[in-house]
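A short worksheet on the structure shown next.
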Ligand SMILES: C[S@@+](CC[C@H](N)C(=O)[O-])C[C@H]1O[C@@H](n2cnc3c(N)ncnc32)[C@H](O)[C@@H]1O
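Numbering (the working numbering), first residue to last: 12 to 271.
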């Protein structure tokens with residue numbers, strides 16, 4: 012009898028980020044890497060006010076929030092749903108003696124989060140593809156909608172995704188994958204076309220949805236965000252080897268909270 016296949020869910024992703032391999036991987040990056048140059052350039056451009064109240068979703072072990080605090084941002088709230096990563100972020104905040112309010116929350120259920128009650132942010136970030144690690148488009152849209160609910164009109168949101176149409180090689184691979192889906196022969200653990208679930212040495216298992224540009228534009232429009240900017244990372248900065256070893260090429264997105 013064949014083993015039953017369980018599709019990837021939010022709980023699977025959370026478990027994978029709490030795995031010791033992921034915790035070590037993201038903690039090392041939080042300690043040693045800090046902001047990528049592309050992140051630094053765009054943060055300076057779109058988040059020029061260091062007194063702004065900022066919300067970071069999927070903060071992991073604190074790589075981005077701690078670097079922002081060290082760069083002078085004074086009002087930072089950051090959350091993650093992986094408790095083990097959040098504990099690492101907390102210890103880095105203490106070690107670096109910076110001010111970041113960390114809390115546990117699921118980006119798809121921010122309305123249920125007591126820490127956010129009554130707060131309104133001047134900007135939000137969901138860096139290094141965290142939004143795309145939420146299985147199912149309706150859940151990614153839920154996360155975008157709930158972040159919009161806690162941001163003032165005009166507030167910027169920055170995030171990154173892959174782009175499955177970025178290179179000719181990727182387009183060929185995804186055409187082959189589309190043929191598998193058309194015949195119902197895709198990996199049964201996957202739930203939507205564009206999903207991947209893979210294992211890497213030293214990182215563990217990763218779920219990632221790889222979108223096309225039009226998909227993100229439609230998701231932003233449907234969830235209370237107005238597209239402002241998007242660009243592939245290599246066109247913003249040629250990142251050093253250590254950043255490219257940690258992270259693949261990605262597309263940066265900035266949207267602003269649509270006015271009421
Ligand atoms: C690729 S890691 C990036 C971590 C960190 N931002 C960094 O750049 O090093 C993505 C993060 O998003 C978090 N994440 C994914 N889905 C989430 C959700 N639904 N709610 C909260 N955090 C989530 C994961 O736990 C993980 O820490």
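Using N, Cα and C, we set each Cβ at its ideal position, and we do this for glycine too.
{"Item": "On the three-pair Cβ rule with 8 Å, is the region 106-119 touching the region 167-182?", "Value": "no"}
{"Item": "Taking the straight line between their C-alpha atoms, what separation do you get for residue 138 and residue 196?", "Value": "32 Å"}
{"Item": "Shorter than 8 Å, the distance from the beta carbon of residue 64 to the closest heavy atom of ligand 1, or not?", "Value": "no"}
{"Item": "Taking the alpha carbon of residue 213 as the reference point, which residue from 23, 18, 31, 20 has its own alpha carbon closest?", "Value": "31"}
{"Item": "Are the region 53-67 and the region 124-136 touching, with three or more C-beta to C-beta distances below 8 Å?", "Value": "yes"}
{"Item": "Using a Cβ-Cβ cut-off of 6 Å (strictly less than) and excluding sequence neighbours within five positions of residue 76, which residues of its own chain qualify?", "Value": "67, 70, 87, 89, 111"}
{"Item": "Output the distance between the C-alpha atoms of residue 268 and residue 15, rounded to the nearest integer angstrom.", "Value": "42 Å"}
{"Item": "Per the DSSP calculation, residue 113 is bridged to which residue(s)?", "Value": "89"}
{"Item": "Identify whether residue 12 lies in helix, strand or coil by the three-state DSSP scheme.", "Value": "With a pLDDT of 42 at residue 12, under the threshold of 50, the predicted position of this residue should be treated as unreliable, and no value is reported."}
{"Item": "Considering only residues of the same chain and omitting the five flanking positions on each side of residue 25, which have a CB-CB separation below 7 Å?", "Value": "92, 93"}
{"Item": "Which word fits residue 173, buried or exposed, when buried means at least 16 other C-beta atoms lie within 10 angstroms of its C-beta?", "Value": "buried"}
{"Item": "Distance, Cα to Cα, residue 12 vs residue 105?", "Value": "Low per-residue confidence applies at residue 12: pLDDT is 42, beneath 50, and the placement is therefore not dependable, though the value from the model is reported in the following sentence. Roughly 52 Å separates the two Cα atoms."}
{"Item": "Please go through the region 167-211 and give each complete alpha helix (DSSP H) segment of 4 or more residues, from N-terminal end onward.", "Value": "179-193"}
{"Item": "Rounded to a whole number of angstroms, what is the C-alpha to C-alpha distance between residue 246 and residue 142?", "Value": "22 Å"}
{"Item": "Would the beta-carbon of residue 241 fall within 9 Å of that of residue 221?", "Value": "no"}
{"Item": "Is it buried or exposed, residue 99, if we count other Cβ atoms within 10 angstroms and call 16 or more buried?", "Value": "buried"}
{"Item": "Quick check: is any heavy atom of ligand 1 less than 8 Å from the C-beta of residue 28?", "Value": "yes"}
{"Item": "Who are the near neighbours of residue 48 in its chain, counting only those whose CB is closer than 7 Å to its CB and skipping five residues on each side?", "Value": "248, 250"}
{"Item": "Tell me which residue opens and which closes the alpha helix (DSSP H) that residue 23 is part of.", "Value": "21-29"}
{"Item": "Can we say the region 35-50 touches the region 17-24, given the rule of at least three CB pairs closer than 8 Å?", "Value": "no"}
{"Item": "Report yes if the CB atom of residue 57 is closer than 9 Å to the CB atom of residue 134, and no otherwise.", "Value": "yes"}
{"Item": "My assumption, with CB atoms under 8 Å, is that residue 223 sits in contact with residue 152. Please give the rounded CB distance.", "Value": "In fact, because the Cβ distance is near 16 Å, the residues do not count as touching under 8 Å."}
{"Item": "In three-state DSSP terms, what is residue 118?", "Value": "helix"}
{"Item": "For residue 133, which three-state DSSP category applies?", "Value": "coil"}
{"Item": "Return yes when the C-beta of residue 260 is under 8 Å from any heavy atom of ligand 1, and no when it is not.", "Value": "no"}
{"Item": "One question on the structure: do residue 114 and residue 161 come within less than 9 Å of each other, judged by their Cβ atoms?", "Value": "no"}
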